[in-house]
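If you read the sequences in order, they're chains A and B. Residue numbering for the first sequence follows our numbering, starting at 1 and increasing by one per position. Residue numbering for the second sequence follows our numbering, starting at 232 and increasing by one per position. So the structure is just underneath, and the comments pick up after that.
There are 2 protein chains.
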Amino acid sequence: MSKTHQYKFPRPALTSDCVIFGFDGGELKLLLIEREKEPFKNRWALPGGFVFLDETTEECAKRILQEKAGLKNVFIEQLYTFSEVDRDPRERIVSVTYYALVDKQHYELIAGRDTLKVEWFALSELPKLAFDHTKIVKLAIQRLKGKISYRPIGFELLNEKFTLSQLQALYEAILEQPIDKRNFRKKILGMGLLKALNEKEKNVAHKAARYYSFDNRAYRELTQKGFHFQI
Amino acid sequence: MSKTHQYKFPRPALTSDCVIFGFDGGELKLLLIEREKEPFKNRWALPGGFVFLDETTEECAKRILQEKAGLKNVFIEQLYTFSEVDRDPRERIVSVTYYALVDKQHYELIAGRDTLKVEWFALSELPKLAFDHTKIVKLAIQRLKGKISYRPIGFELLNEKFTLSQLQALYEAILEQPIDKRNFRKKILGMGLLKALNEKEKNVAHKAARYYSFDNRAYRELTQKGFHFQI
DNA sequence: AAATTTTAGTGTTCTTTTTACACTAAGTAC
DNA sequence: GTACTTAGTGTAAAAAGAACACTAAAATTT
């Protein structure tokens, strides 16, 4: 990359912010960090940071997830780019935002390693957020709600093996509406995307449910044949 | 905005590029401009330009549409942010892309006003594009194809008044599949989103079709009541 | 060890939506 | 006024979605 053609325009700074979703079996949660510095010192915020010259915005988002929340190998997808001129009081900052879906249980312990204060908040009990982060979160929720029905991304929020009841509870939490158990099972099993495992729940005070896992390979094959996931 | 907190990181340049869709009654078209300078001199490209400090990326995209293609008051929506490190051979450039839907007929004359060479290309006959613009176009087509069915954005590609056959032809072109005439009419009229005008086609060598217009007000009201557009 | 509590797991009927399909009407060109 | 072309219309069959209630199995309590 030669410097000879460098553009002279003053440039907005470029950051990446992440909306991190988790699911605890009953409710959707968001991972937030507490800001240590001004502006918005001590306010909760989305983890974010500046995009370096040698990384894509997605790589940046993944780096931030790792550095600020201890999350690794996580599903992320671009959400939207926010560019309001006054979104940061210090200077012009454009943010390419991502949303991440993580298996909360799997990461709970790792999340504390960094020195920052990191906490899960129920969507219904979000604190006031720094910058325009509330707006970003709202869009992320809307996107997740829209996408969960026609793309099999919900599995990213669950353990690799899960029961059908857990899966249903997840859909009910995200869509914010009850789903008929029999119809749900009929539909999801009818797609042929779930592998029934020879394993059941243990130490539950009721009939133990069978575990299933998402069959990624089958999904790819079906998709090629024109199949469309739809809950 | 004080300069005291300015970040020292070297910054990617930020641009905005626009994928402009038009419809000529039979086929989807794309508006491209020919590059006057290196790199990719004389190659066709998406209109684009640098984001200034005092404008959002969306305002930038609208400015570019106006400056480079003579388009004004156009429907645009953010597509995706492309940030591959090597997408421009000169230096690191991140591009926030938009797609625009325009009534091609309405703008045909104005488009030539700028000094740049500007031309409509059928999607099936796109030339080799500069930079990663082919990738951007592919994503835009995919997005349009996905969105046209559940958001009433197709009307942006038609004149304010249109016949049902024109509307159907548009859907068939975008979805790349034939649609049954009677079922299409039943569905679209059943939504109550079209105002039947007291006006018919003129100078056509066959039965003249009635004109309709999209009823934006009805759409907003229905949407509030939980209605979901769906073709 | 019997009874209680709790969630897992299963089919059928009715309703709604989607699909498939063919003829008459109205305008212009010749 | 005949030919040509596209507009405009309804019904029946198939598929998908919605509504609904009981038995099975595990741990806990009595």
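Ideal placement from N, C-alpha and C gives every residue a C-beta, glycine not left out.
By Cβ distance below 8 angstroms, which residues in the same chain neighbour residue i in space, the five residues on each side in sequence not counted?
i: Glu84 of chain A; result: Asp132
i: Gly25 of chain A; result: Gln166 and Ala169
i: His459 of chain B; result: Tyr381
i: Ala173 of chain A; result: Phe23, Gly26, Glu27 and Leu28
i: Pro409 of chain B; result: Glu403
i: Thr163 of chain A; result: Glu201, Ala209, Arg210, Tyr211 and Tyr212
i: Gly457 of chain B; result: none
i: Val368 of chain B; result: Val250, Leu261, Leu277, Leu357 and Leu360
i: Leu158 of chain A; result: Phe23, Asp103, Gln166, Leu167 and Leu170
i: Leu453 of chain B; result: Met422, Gly423 and Leu424
i: Glu407 of chain B; result: Lys376
Please state whether DSSP places residue i in a helix, a strand or coil.
i: Gly385 of chain B; result: helix
i: Ala169 of chain A; result: helix
i: Gly253 of chain B; result: strand
i: Lys239 of chain B; result: coil
i: Lys135 of chain A; result: helix
i: Lys456 of chain B; result: coil
i: Lys128 of chain A; result: coil
i: Leu71 of chain A; result: coil
i: Phe281 of chain B; result: strand
i: Met232 of chain B; result: For Met232 of chain B, the predicted model reports a pLDDT of 42, less than 50, meaning its position is unreliable; a value from the coordinates is still stated below. In this structure, Met232 of chain B counts as coil in the three-state DSSP scheme.
i: Gln461 of chain B; result: coil
i: Glu58 of chain A; result: helix
i: Arg374 of chain B; result: helix
i: Phe40 of chain A; result: coil
i: Ile148 of chain A; result: coil
i: Arg182 of chain A; result: helix
i: Gln66 of chain A; result: helix
i: Gln105 of chain A; result: helix
i: Arg220 of chain A; result: helix
Using DSSP's beta-bridge definition, name the partner residues of residue i.
i: Thr328 of chain B; result: B:Asp248 and B:Tyr311
i: Glu160 of chain A; result: Beta-bridge pairing links Glu160 of chain A to no other residue.
i: Ile264 of chain B; result: B:Ala276 and B:Val349
i: Arg441 of chain B; result: B:Lys431
i: Leu28 of chain A; result: A:Phe23
i: Leu425 of chain B; result: B:Phe445
Within the same chain, show all residues whose beta-carbon is closer than 6 angstroms to that of residue i, passing over the 5 residues directly before and after it, in chain order.
i: Thr81 of chain A; result: Val96
i: Asp215 of chain A; result: Leu193 and Lys195
i: Thr57 of chain A; result: Ser16, Val51 and Val96
i: Lys187 of chain A; result: none
i: Ala439 of chain B; result: Lys431 and Glu432
i: Pro127 of chain A; result: Trp44
Using a 10 Å radius around the Cβ and a threshold of 16 neighbouring Cβ atoms, would you call residue i buried or exposed?
i: Asp17 of chain A; result: buried
i: Gly22 of chain A; result: buried
i: Leu420 of chain B; result: exposed
i: Val74 of chain A; result: buried
i: Arg220 of chain A; result: exposed
i: Ala205 of chain A; result: exposed
i: Lys181 of chain A; result: exposed
i: Ala61 of chain A; result: buried
i: Arg217 of chain A; result: exposed
i: Pro278 of chain B; result: buried
i: Pro270 of chain B; result: exposed
i: Ala300 of chain B; result: buried
i: Pro12 of chain A; result: buried
When you compare each of the options to residue i by their alpha carbons, which one comes out closest?
i: Leu428 of chain B; options: B:Leu420, B:Ala361 and B:Arg441; result: B:Arg441
i: Leu14 of chain A; options: B:Leu284, B:Glu265 and B:Leu262; result: B:Leu284
i: Gln336 of chain B; options: B:Glu391, B:Tyr381, B:Lys412 and B:Leu420; result: B:Glu391
i: Pro320 of chain B; options: B:Ala361, B:Leu259 and B:Ile379; result: B:Ala361
i: Tyr98 of chain A; options: A:Glu77, A:Lys41 and A:Arg143; result: A:Glu77
i: Thr134 of chain A; options: A:Lys8, A:Arg11 and A:Leu30; result: A:Leu30
i: Arg100 of chain A; options: A:Phe184, A:Lys128, A:Arg87 and A:Ile141; result: As written in the sequence, residue 100 of chain A is Ala, which differs from the Arg given in the question. Of A:Phe184, A:Lys128, A:Arg87 and A:Ile141, the residue nearest in Cα terms is A:Ile141.
i: Gly384 of chain B; options: B:Lys272, B:Asp334 and B:Gly301; result: Sequence inspection shows Ile at residue 384 of chain B; the Gly mentioned does not correspond to that position. Looking at the Cα atoms, B:Asp334 is the closest of the given residues.
i: Gly49 of chain A; options: A:Ile93, A:Asp86, A:Glu156 and A:Gly146; result: A:Ile93
i: Arg416 of chain B; options: B:Phe352, B:Glu267, B:Gln461 and B:Asn434; result: B:Gln461
Go through its chain and collect everything with a Cβ distance to residue i's Cβ below 7 angstroms, but skip five positions before and after it.
i: Lys370 of chain B; result: Correcting the residue type first, residue 370 of chain B is Leu in the shown sequence and not Lys. Leu310 and Tyr311.
i: Pro10 of chain A; result: none
i: Gln66 of chain A; result: Lys72
i: Lys348 of chain B; result: Ile264 and Glu265
i: Leu144 of chain A; result: Phe21, Tyr99 and Ile174
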